[in-house]
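Enquirer: For reference, the structure I am asking about is given below.
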Amino acid sequence: MKAFLILLLALAVLGRVDLDGTDSVELGTAEQKELEITSNPTTGYMWYMLPEDTNKIRVDKITGEYEAPSGNLLGQPGKQVFKISCTEECTAGDKLKVKMLYKRPWEKEPGSVKTLEVR
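Have a look at this one:
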């Protein structure tokens, strides 16, 4: 049973798109994917995911879910995991934009901005 659970966890992680290495995501109509990006909320910074067209792109939670690193080093970054889906309004050939802001909640300007293209 333990081996089965480990296999399921591995498959879930392998099915994610690593946003540290790409600026585009392939997403079909009514399809959902998990996207992950390196984050270190102990510094106050978190990623916020904001789709330009909320009628076509859905994000379960704009701050995603944080997964702490497996090591025990102080200040070690983990991953923020986002669940994103394309609604029934998506059509083949759509090129949609999702803006990601890496910022502290109390600051107006983000420390970093990343724009994803969702196809």
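Numbering (mature numbering (1 follows the signal peptide of the UniProt record, and there is no 0)) for the sequence shown: -19 to -1, 1 to 100.
Quick reminder that beta carbons are idealized off the backbone N, C-alpha and C, glycines included.
(1) Excluding the 5 residues flanking VAL94 on each side, which residues of the same chain have their C-beta closer than 8 angstroms to its C-beta?
(2) Can you tell me the Cα-Cα spacing of LYS60 and GLY45, whole angstroms?
(3) Which residue marks the beginning of the beta strand (DSSP E) containing TYR83, and which one marks its end?
(4) Any idea if TRP87 is buried or exposed, counting beta-carbon neighbours within 10 angstroms, 16 or more meaning buried?
(5) How many whole angstroms separate the CB atoms of THR10 and CYS71, which I take to be in contact at a CB cut-off of 8 angstroms?
(6) In terms of residue numbering, what span does the beta strand (DSSP E) encompassing LYS64 cover?
(7) Do ARG39 and LEU16 have their beta-carbon atoms positioned less than 8 angstroms apart in this structure?
(8) On the DSSP bridge assignment, give the partners of residue 101 in chain order.
(9) For GLN57, which residues in the same chain have their Cβ closer than 7 angstroms to its Cβ, ignoring the five residues on either side in sequence?
Expert: Straight from the coordinates:
(1) In the sequence shown, counting from the first residue as 1, residue 94 sits at position 113. Here the set comprises LYS80, MET81, LEU82 and TYR83.
(2) Indexing the sequence shown from 1 puts residue 60 at position 79. Indexing the sequence shown from 1 puts residue 45 at position 64. If you take the alpha carbons of LYS60 and GLY45, they lie about 10 angstroms apart.
(3) Numbered from its first residue, the sequence shown carries residue 83 at position 102. Element bounds for TYR83: 77 to 84.
(4) Taking the first residue of the sequence shown as position 1, residue 87 is located at position 106. Exposed: under 16 other Cβ atoms inside 10 Å.
(5) The residue labelled residue 10 in the question sits at position 29 within the sequence shown. The residue labelled residue 71 in the question sits at position 90 within the sequence shown. Between CYS71 and THR10 the Cβ distance is about 5 angstroms, and since that is below 8 angstroms, they are a contact.
(6) Here the question's residue 64 lines up with position 83 in the sequence shown. Segment 59 to 67, the beta strand (DSSP E) holding LYS64.
(7) Within the sequence shown, residue 16 is the residue found at index 35, counting from 1. Within the sequence shown, residue 39 is the residue found at index 58, counting from 1. No, they are not a contact pair.
(8) Because the chain in this structure spans residues -19 to 100, residue 101 falls outside the shown range and cannot be described.
(9) Against the sequence shown, residue 57 aligns to sequence position 76. Counting only residues of its own chain and dropping the five nearest sequence neighbours on each side, GLN57 has a CB closer than 7 angstroms to the CB of PRO50.
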